[in-house]
Amino acid sequence: MHNLFSKILLGMFLKIIVKIGLLITLWGDGYYIVLNQKNPSASASASDISYCFAVERIVLLNNTILPKDEVEKILALNEEMVCWEELLAYAEQLTELYVNSGYITSVVIVPEQKVSEEIQLIAYEGKLENVEISGLSRVKSAYVKSRLSKLVGRVLNIFEVEVALGQLSADALFETVQGELKQGSTPGSTVLQVTLKEAPSFLIDLGFDNYQSPLVGELQVQVGFNLLNLSGYGDSYQTAFQWSEGANKIINNYFLPLNSLSGGLTVFYETTNSRVILSELKEAGIRFQSSSYGIGWIQPIRKNSSEQLSFGISLEFKDSRSFILENQPFSFSEASVDGVTKFRVIRILQDWVNQNPQQYFVLRTRLNFGLDSFEARLSETFKTTPVYLFGQFQYGRRVQSRLVLVGRFGFGFTTSPLPPPLQFEIGGPYTVRGYARPTKLGDNGIFISSELQVALLQSDRFGSLELIPFVDFGTVWHSGNLRSFDSDGSLASIGIGFRYYFKEVLTVRLDYGIPLVEVEKVGKGISNQGFYFSIYLVPVRF
């Protein structure tokens, strides 16, 4: 991915240089080899490499990197007499230790000196002098330099450079990141030249699916607008509008990175208005209003092209109102008071993704603490301070070139009763397919899903098509009633799906699930028959 000097080739080059008693120096327009063994001792010449003499110890000067115990181990004397070629071998071993540790521009030499009881070796540790940035148009160069500045002025380590460039590669602002090392302005110094290609910063996405509940109309249209770099410093804003026959929803989110690891502040707000459209309940004029808003901090701990680990914390406010006969407040759950529910929560989140060409792991958890403050309002049946944990683990492995096995495990646990908007749901395209969403709710729950993704078509020109047989199971139960596998709270299904993907522009998904547990169906629509579909399109990207 990164156009860097090969540490292996350069390491071999340094070995050869040390063997012949030379020092590699960065100077002028490139690499130059400079003799350093003009007169190794008062009585020995550079040509007499077998010259031997008595010494008590060998020391390494100017070393700030190599562990002291490893250096002493290499320089430990077995005999009182040391030959000139042995000193060169010591320098070679220490240089190799530098190179193997990633310090590819550092070298150890035997300097010109008089023979005495102490022989000195000198380490020349090459440092990174500066970072040069090119290829930017919308992103500010300060944004990139802030993520690489920790390398400047330090002894250059190729592994640290690769990690830093990998973090930039994982940034959604960039499509490609290339790094190249070149000589600096002084001997031994290096400049890192980084060339970037910016990713599109404005995207419009369109969606059409039947993932909504039949109570408010399963067919849903979505339009999203994504601005990924508003100010040039990586801040982003996303807004989405969703409509179905009986519901409309607006989602807003703003994120501002504030440190070099892209940790930052997030502010979010969403509002939903919905009404029940079932023919048998339509005349009752049942409708709902809800809003959710808050502020949080998200901090990546590790971020590169193969692994991302983030933690975060947020304060969220959830308010909802329910009505009957259009405008008459009415409580449809035991949690509300006169149709009003106000819930406040502190949420601690964790996201981990690890991937390579053969497999991937994903773990996301949300630990929630209810607050009895900020005008929180629930009925006396429910505590305003419950603690509950939601999460999902996913694992995928490529078993053959065209076969990928994927498993998912979702969970929700609490010791207190939860109001319906916070409960764990099963049934629908995200948990147990073959049932409408949501078929069952509970304070606690789990679901397990396994699917085999079989590639039928893999083409750069025509896209990819997958056949996906699956098996799903889920169960819910209420706190204080641990009937986790009671058939009344469980769902199971088998089925088959198809997914078509074309160049990050179009994704189409079709699923058909066969229910293995019979339940009473509410409403009509194809989701009640086990069919799900989604069409996702990104027509605008610049």
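Take any residue in the sequence shown, count from 1 to its spot, add 1012: that is its number in my numbering.
Note that CB positions come from ideal geometry on N, CA and C, so glycine has one too.
Environment of residue i [buried if 16+ CB atoms lie within 10 Å]
i        : result
Val-1552 : exposed
Pro-1269 : buried
Ala-1088 : exposed
Lys-1536 : exposed
Gly-1507 : buried
Asn-1112 : exposed
Leu-1168 : buried
Phe-1554 : exposed
Thr-1076 : exposed
Lys-1452 : buried
Asp-1350 : exposed
Tyr-1544 : buried
Ala-1154 : exposed
Gln-1470 : exposed
Pro-1341 : exposed
Ser-1149 : exposed
Leu-1035 : Note that Leu-1035 scores a pLDDT of 36, beneath 50, so its modelled location is shaky and nothing firm can be said.
Asn-1313 : Note that residue 1313 is Ile in the sequence shown, not Asn. Its Cβ having fewer than 16 others within 10 Å, Ile-1313 is exposed.
Contact check, residue i vs residue j, beta carbons under 9 angstroms
i        : j        : result
Gly-1475 : Tyr-1512 : yes
Ser-1348 : Leu-1390 : yes
Leu-1479 : Phe-1514 : no
Val-1235 : Asp-1217 : yes
Phe-1386 : Leu-1361 : no
Ala-1066 : Glu-1130 : no
Ile-1358 : Phe-1381 : yes
Leu-1193 : Ile-1134 : no
Val-1156 : Ile-1170 : no
Ser-1345 : Pro-1212 : no
Val-1399 : Thr-1427 : yes
Gly-1276 : Thr-1207 : no
Leu-1477 : Leu-1464 : no
Arg-1356 : Lys-1395 : no
Ser-1326 : Gly-1308 : yes
Leu-1106 : Leu-1078 : yes
Phe-1214 : Leu-1185 : no
Glu-1516 : Val-1550 : yes
Phe-1459 : Gly-1501 : no
Ser-1272 : Arg-1159 : yes
Thr-1353 : Pro-1433 : yes
Ile-1298 : Thr-1283 : no
Tyr-1245 : Lys-1152 : yes
Val-1094 : Ile-1121 : no
Bridge-paired residues (DSSP) for residue i
i        : result
Gln-1406 : Val-1374 and Arg-1420
Tyr-1305 : Tyr-1281 and Phe-1329
Ala-1504 : Phe-1485
Thr-1427 : Looking at the DSSP assignment, Thr-1427 forms no beta bridge with any residue, so it has no partner.
Phe-1171 : According to DSSP, Phe-1171 bridges with nothing at all.
Phe-1510 : Leu-1479 and Leu-1522
Ala-1135 : Val-1120
Arg-1069 : Glu-1130
Ser-1334 : Phe-1300
Asn-1380 : Arg-1359 and Tyr-1400
Tyr-1115 : Note: Tyr-1115 sits in no beta bridge, so no partner.
Phe-1186 : Glu-1210
Tyr-1266 : Tyr-1249 and Val-1279
Rounded Cβ spacing between residue i and residue j (contact assumed at less than 8 angstroms)
i        : j        : result
Pro-1450 : Gly-1457 : Actually they do not touch by this definition, with Cβ atoms about 10 angstroms apart.
Leu-1180 : Val-1189 : 5 angstroms
Arg-1521 : Ser-1539 : With 8 angstroms as the limit, Arg-1521 and Ser-1539 do not qualify as a contact, their Cβ atoms being about 13 angstroms apart.
Ser-1259 : Gln-1301 : Here residue 1259 turns out to be Ala, not Ser, going by the sequence shown. Between Gln-1301 and Ala-1259 the Cβ distance is about 11 angstroms, and since that is not below 8 angstroms, they are no contact.
Gln-1320 : Ala-1182 : 6 angstroms
Arg-1420 : Gln-1406 : 5 angstroms
Glu-1187 : Glu-1210 : 7 angstroms
Leu-1528 : Ser-1505 : 6 angstroms
Leu-1109 : Glu-1082 : 7 angstroms
Residue i: CB within 8 angstroms of a non-hydrogen atom of the ligand ADP
i        : result
Leu-1337 : Here there are no bound small molecules, and the ligand ADP is not part of this structure.
Report yes or no: do the stretch 1406–1414 and the stretch 1361–1373 share at least 3 C-beta pairs separated by less than 8 angstroms? Short answer: they touch.
Does the structure place the stretch 1130–1140 close enough to the stretch 1243–1253 that three or more beta carbon pairs sit under 8 angstroms? no
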